[in-house]
Every structure is written in C-alpha cells, then in structure tokens.
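Count the sequence shown with this note's numbering and you get residues 4 to 399, in order. We put the CB at the ideal spot given by N, CA and C, even for glycine.
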Amino acid sequence: MSTHDDGTESLLDLEEVGPAPRLTVWQRLRRGVGWLLALVLCALAAISLWPDLLAPRLALSEVYPFTQVIALRSLLALGLAVLGVIVTVAAVVRTVRREGGQRTSVVGIVLILVAGTHFWALDQRGLDLHAADVARPVTTDSAAWDGSVTVYSFNTYKSQTGLVDLGVSVRGTGADVVVLPETDASYGVRLAQLLAQDGYRFRVFTSLGKTTTGIDPTSVANPSTLGSDTLATTVLVSTGLGDYERAARPAGLGAGNLVLKPVGDATLDGRTRPTIVGIHTVAPAGDGTRADWLSSVSAAADQCTAQGSATIVAGDFNATLDHEPMRDLPACSDVASTTGTGGLATWPTSSRTALLGATIDHVIVNRTTWLPQASKVLDVEGSDHRAVVAVVSPRD
Numbered sequence: 004m005s006t007h008d009d010g011t012e013s014l015l016d017l018e019e020v021g022p023a024p025r026l027t028v029w030q031r032l033r034r035g036v037g038w039l040l041a042l043v044l045c046a047l048a049a050i051s052l053w054p055d056l057l058a059p060r061l062a063l064s065e066v067y068p069f070t071q072v073i074a075l076r077s078l079l080a081l082g083l084a085v086l087g088v089i090v091t092v093a094a095v096v097r098t099v100r101r102e103g104g105q106r107t108s109v110v111g112i113v114l115i116l117v118a119g120t121h122f123w124a125l126d127q128r129g130l131d132l133h134a135a136d137v138a139r140p141v142t143t144d145s146a147a148w149d150g151s152v153t154v155y156s157f158n159t160y161k162s163q164t165g166l167v168d169l170g171v172s173v174r175g176t177g178a179d180v181v182v183l184p185e186t187d188a189s190y191g192v193r194l195a196q197l198l199a200q201d202g203y204r205f206r207v208f209t210s211l212g213k214t215t216t217g218i219d220p221t222s223v224a225n226p227s228t229l230g231s232d233t234l235a236t237t238v239l240v241s242t243g244l245g246d247y248e249r250a251a252r253p254a255g256l257g258a259g260n261l262v263l264k265p266v267g268d269a270t271l272d273g274r275t276r277p278t279i280v281g282i283h284t285v286a287p288a289g290d291g292t293r294a295d296w297l298s299s300v301s302a303a304a305d306q307c308t309a310q311g312s313a314t315i316v317a318g319d320f321n322a323t324l325d326h327e328p329m330r331d332l333p334a335c336s337d338v339a340s341t342t343g344t345g346g347l348a349t350w351p352t353s354s355r356t357a358l359l360g361a362t363i364d365h366v367i368v369n370r371t372t373w374l375p376q377a378s379k380v381l382d383v384e385g386s387d388h389r390a391v392v393a394v395v396s397p398r399d
C-alpha cells in the first residue's frame with residue numbers, strides 16, 4: 004500500500020491489502036487431487052522398501068512385473084535418487100517463483116529418503132568390490148583336507164564361457180567345489196582336464212544322465228561324446244573331499260539341479276564332509292512362469308535344511324534376498340551377505356559394474372555346521388553372470 008502526495012491512499016492499494024480471494028470449488032478439487040497424487044507417489048516409493056508387507060495375502064515380490072523391479076534393487080535405488088533430485092530442484096524453482104511447490108517438495112524428499120534407504124540396505128549386505136583374496140592351497144588328498152570348503156558358483160551361459168578364462172579363475176581360488184549352471188558334462192570334463200594340468204583333481208557330476216558316481220576326467224578321451232545339453236547343471240568336486248555320489252533329486256527344483264552326498268562315512272578323520280546341492284531354478288520370464296518360478300525358488304531355499312545340517316546350496320537361484328521365498332532362511336546363511344559382498348550384482352554383466360544389477364547367484368550354507376569366512380564376486384569373460392566364490396569353515 005502507498006500514499007499519494009496529498010496523503011490519500013489509492014483504491015488499488017486498498018484492494019491489495021484486502022482479504023485473499025476464496026478458492027473456487029474447482030480450484031479446491033484440483034488442489035485435493037494434486038495432494039492425493041503426491042501421496043500415492045510417496046506410498047508407491049515407500050512400498051518398494053517393504054514389498055511383502057501384506058504377505059502372504061499379497062506379496063508384491065512374487066507378482067510380475069514387481070518381481071523383476073525388486074530384483075534390480077540397485078538400479079531402482081539409483082532411479083529413485085535421480086528422480087528425487089530432479090523433483091526437489093523443480094520444487095525449489097517453483098518456491099522461488101512463488102508458484103507453490105509444497106507438494107513437489109514432499110514428493111522429492113520422500114523419493115530421496117527411500118533411495119537412501121535402499122542404498123543403505125545394499126551396503127549392509129556388503130558392497131566390497133575389492134574383497135580380500137579368497138585363494139586357498141590346492142588340496143587333492145583327503146588326508147590333507149583341513150575341513151574348510153571353497154565353493155565356486157558360476158553360470159557359464161550355455162557353456163559359452165572360454166575354458167581357459169574360467170580355468171584361470173577357478174585355479175586362482177583353490178576351489179573344492181565348482182557349481183556350473185547351464186553347463187553340459189562335456190564342458191565340465193574339459194574344464195577338469197585343464198585344471199588337472201596344474202595339479203587339481205576333480206570328479207565331474209551332471210544333473211542329466213544316469214551316472215551317479217561321477218565322471219573321472221582322466222578316463223575320457225573325447226569329452227564331446229558326453230553330450231551338449233546346456234540345460235544341465237554340472238558340478239566338479241575335488242578328490243580332496245573324498246568320494247561322492249549323486250543322490251535322488253527332490254521334485255520342484257526346476258531344470259538342471261542335483262544333490263551330491265559323500266559316499267560312506269560323512270566325515271573324514273572327524274571333519275564333516277558337505278552335502279552339495281547344485282541349483283538352477285526357473286527364471287521369472289513373465290507372469291506365465293510365476294508359479295514354476297516361485298515353487299522352484301522355495302524348493303531350492305528349503306534344501307539348505309532338508310538335506311541335513313552339513314548342506315551347502317549353490318548356483319543360479321534366479322531370485323534375490325528381497326524376494327519372499329528367500330527372505331527367511333531358517334538355520335541358514337547367505338555367505339556373501341554375511342561376509343561383505345552380498346549387495347553386489349551377479350547379473351547382468353552388461354551393467355559393466357557389480358554395483359548395478361541383481362544378486363541372483365548365491366552360496367547358502369547350513370549354520371549348524373558351517374561358518375562363513377570370506378566371499379568374492381568375480382568377472383569372467385563370456386557369460387552374462389558373474390562368479391560367486393565363498394569360503395566356509397566347520398564350526399567348533
């Protein structure tokens with residue numbers, strides 16, 4: 004309000020200090036709808052932190068396409084963070100221009116907080132890209148085995164990974180057990196023969212065929228005669244763990260799975276020998292595969308206790324610890340999450356970094372017998388997966 008030279012006030016100024024105009028019904032409706040949309044966006048973002056809050060009636064982690072979104076938690080967190088920053092900046096601009104901005108500010112802040120919580124959860128599981136070396140001495144004589152087990156799990160992408168690249172990687176870890184989903188027996192035998200040149204000795208088991216006692220690589224002159232069915236899961240077991248045989252496979256595990264148990268005594272001089280379960284569950288390719296995926300992941304997780312207290316389950320689970328079947332692992336531990344690498348992505352390698360993607364390859368052990376010691380996520384050329392290496396020792 005201003006005063007003229009004659010001491011009078013202008014009519015316009017008097018109108019400016021009058022009561023604010025009342026909102027019309029339409030304006031109130033628009034404002035209400037705006038706040039409703041803002042709250043819905045905030046709720047959707049928050050639900051990503053607890054997708055199975057209404058389980059078992061409604062577990063969103065089991066529903067397509069939320070299954071895929073939740074699996075890619077690191078990408079989800081990054082997307083929410085970027086969107087949150089953009090929305091918050093827009094809110095600041097609107098506030099400076101006196102164009103409102105309250106609703107926008109709330110949405111931006113909530114998105115940033117949710118993204119930060121996702122990153123925190125991943126960090127709690129472990130994002131150690133430079134984990135300590137897990138290499139252990141090669142043990143081929145069961146009398147020299149110290150009771151610890153190094154498990155190397157890697158999906159070879161239909162046996163397309165270079166043998167030399169994989170052989171070098173396995174050799175560098177001193178693995179006792181090598182679990183290879185999407186790998187035929189021919190590839191497994193050739194890998195064992197390659198490793199034998201450096202002093203490793205393995206027996207080779209495959210989920211397909213009738214062989215129960217394993218294949219001695221030294222007795223196979225032409226591995227190509229063993230077949231090339233890439234639906235198989237192939238497992239190499241070091242002779243340092245003693246003799247193994249393939250046991251009956253439980254129903255519902257999906258294609259390419261096998262159970263290996265020690266032949267005869269389950270111990271060697273008082274040291275417990277593991278029961279080994281190689282896993283490759285059904286992939287959640289769409290809503291039509293939901294039931295098969297869900298049942299196979301649930302069955303795979305159950306094997307950790309169903310096969311006994313000395314069980315080690317490893318392979319491609321096609322599920323993360325954020326999916327309902329993997330959230331509760333009674334008496335069992337995901338070795339990577341226990342030892343600082345459980346937040347790293349094992350798929351897909353096209354992300355170019357283990358910080359982005361899904362953690363769907365696991366090594367899970369029964370806590371009654373095994374104590375997680377170390378883990379590492381490794382890049383190996385020729386596959387869309389990364390390798391997971393886990394070291395466990397017997398509990399005292």
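Roughly how many whole angstroms lie between the Cα atoms of residue i and residue j?
i, j, result
"Gln306", "Val280", "8 Å"
"Tyr67", "Val137", "37 Å"
"Ile282", "Ala235", "10 Å"
"Thr362", "Arg106", "35 Å"
"Ala334", "His365", "16 Å"
"Asn321", "Pro287", "7 Å"
"Asp387", "Val28", "57 Å"
"Thr153", "Thr159", "19 Å"
"Gly37", "Arg25", "18 Å"
"Trp53", "Gly103", "31 Å"
"Gln71", "Gly273", "44 Å"
"Ala48", "Leu79", "10 Å"
"Asp168", "Ala348", "20 Å"
"Ser13", "Leu32", "Per-residue confidence for Ser13 stands at a pLDDT of 42, beneath the threshold of 50, marking its modelled position as unreliable; the derived number appears in the next sentence. Looking at the two C-alpha atoms, the distance is approximately 35 Å."
"Phe208", "Ile218", "6 Å"
"Phe69", "Ser51", "9 Å"
"Asp131", "Ser189", "35 Å"
"Asp290", "Leu297", "11 Å"
"Pro59", "Thr91", "36 Å"
Tell me, to the nearest whole angstrom, how far the beta carbon of residue i is from that of residue j; I am working on the premise that it is less than 8 Å.
i, j, result
"Val380", "Thr176", "The Cβ separation is near 12 Å, so there is no contact."
"Thr342", "Gly129", "7 Å"
"Gly259", "Pro351", "Gly259 to Pro351, Cβ: 19 Å. No contact."
"Gly243", "Ala147", "7 Å"
"Val223", "Val173", "With 8 Å as the limit, Val223 and Val173 do not qualify as a contact, their Cβ atoms being about 19 Å apart."
"Thr278", "Gly311", "5 Å"
"Gly385", "Gln163", "5 Å"
Tell whether a beta-carbon distance below 7 Å holds between residue i and residue j.
i, j, result
"Thr275", "Thr372", "yes"
"Val338", "Ser378", "yes"
"Ser299", "Val285", "yes"
"Asp187", "Thr233", "yes"
"Ala84", "Ala118", "yes"
"Gly87", "Leu114", "yes"
"His326", "Ser64", "yes"
"His121", "Arg76", "yes"
"Leu39", "Val110", "no"
"Gly346", "Leu116", "no"
"Val394", "Val368", "no"
"Leu239", "Val181", "yes"
"Asp55", "Ala46", "no"
"Leu374", "Arg398", "yes"
"Ser156", "Gly318", "yes"
"Ala254", "Lys264", "no"
"Met329", "Ala313", "no"
Residue range of the alpha helix (DSSP H) that residue i falls in?
i, result
"Tyr190", "Ala188 to Ala199"
"Phe122", "Gln105 to Arg128"
"Pro397", "Premise fails: Pro397 lies in the beta strand (DSSP E), Ala390 to Pro397, not in any alpha helix (DSSP H)."
"Ser172", "Leu166 to Arg174"
"Thr237", "No alpha helix (DSSP H) holds Thr237; the beta strand (DSSP E) holding it covers Thr237 to Ser241."
"Leu56", "From DSSP, Leu56 is part of no alpha helix (DSSP H); its letter is neither H nor E."
"Ser301", "Arg293 to Ala309"
"Gly343", "Per DSSP, Gly343 belongs to no alpha helix (DSSP H) and is neither H nor E."
"Ile73", "Phe69 to Ala74"
"Pro328", "Glu327 to Arg330"
Mark residue i as exposed unless 16 or more other C-beta atoms lie within 10 angstroms of its C-beta, in which case mark it buried.
i, result
"Gly165", "exposed"
"Ile89", "exposed"
"Val20", "Because the pLDDT at Val20 is just 45, under 50, the model does not fix this residue reliably, and the point stays unresolved."
"Thr221", "exposed"
"Leu256", "buried"
"Ala74", "buried"
"Ser231", "exposed"
"Ser5", "Reliability fails at Ser5, whose pLDDT of 46 lies under 50, so the model's placement of it is uncertain and the value that follows must be treated cautiously. It is exposed - the Cβ of Ser5 has fewer than 16 other Cβ atoms within 10 Å."
"Pro226", "buried"
"Arg389", "buried"
"Arg100", "exposed"
Tell me where the beta strand (DSSP E) around residue i begins and ends.
i, result
"Val383", "Unbroken run through Val383: none, as it is neither H nor E."
"Arg206", "Phe205 to Thr209"
"Arg249", "Tyr247 to Ala250"
"Pro265", "Leu261 to Pro265"
"Thr153", "Val152 to Ser156"
"Val366", "Asp364 to Asn369"
"Ser336", "Cys335 to Asp337"
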